[in-house]
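In our numbering, the protein residues as written are 1297 to 1454.
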């Protein structure tokens, strides 16, 4: 009887620990999930992030200028054992890609906090007012780098 009870306790602890790991994975970037809209790059930006599952978050971005789509982005945040990585592909309005078929732009992980995550060249920060600020480093033709900050509101929250 003691043997069965001990096995039951270990099984319960094992299930509890695996649930805890999975739950913490889901909540790491929970604040980023949602449908975000705001002024960006002289037009309207619309960004949607799905909640994290299986160690990944999928995001899309649409840039609208003068009532027409200018470009799209498809984004992937992957969680590894020690950090994250963000991969991104750009598309014109007609869905032709900017990058080659098997290429993408990769932003290495720098740091993260309670409501922020920073990659080299791209960062996300949720303000206390619920505004998502996205800071992008854009290389210029003259070799300099321009920092652009765009602000978005979650359309599903007041």
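Yeah, the Cβ is synthetic: ideal placement off N, Cα and C, and Gly gets one too.
Best match in the options for proximity to residue i [C-alpha to C-alpha]
i: residue 1407; options: 1399, 1421 and 1400; result: 1421
i: residue 1374; options: 1324, 1339 and 1366; result: 1324
i: residue 1344; options: 1365, 1361, 1351 and 1370; result: 1370
i: residue 1440; options: 1417, 1372, 1426 and 1413; result: 1417
Own chain, CB closer than 6 Å to residue i, minus 5 neighbours either side, in chain order
i: residue 1445; result: 1429 and 1431
Cβ neighbour criterion (16 or more within 10 Å) applied to residue i
i: residue 1434; result: exposed
i: residue 1391; result: exposed
i: residue 1349; result: exposed
i: residue 1328; result: buried
i: residue 1460; result: In the structure displayed, the chain extends from 1297 to 1454; residue 1460 sits before or after that span and is not available.
i: residue 1451; result: exposed
i: residue 1330; result: buried
Cβ shell of residue i (< 7 Å), same chain only, five flanking positions each side left out
i: residue 1415; result: 1382, 1403, 1404, 1405 and 1406
Nonlocal neighbours in the same chain, by C-beta distance under 8 Å from residue i, ignoring five residues either side
i: residue 1362; result: 1339
### Three CB pairs or more closer than 8 Å across the segment 1436-1453 and the segment 1330-1346
yes
### Query
Would the segment 1355-1368 and the segment 1381-1397 be scored as touching if the rule is three or more Cβ pairs under 8 Å?
yes
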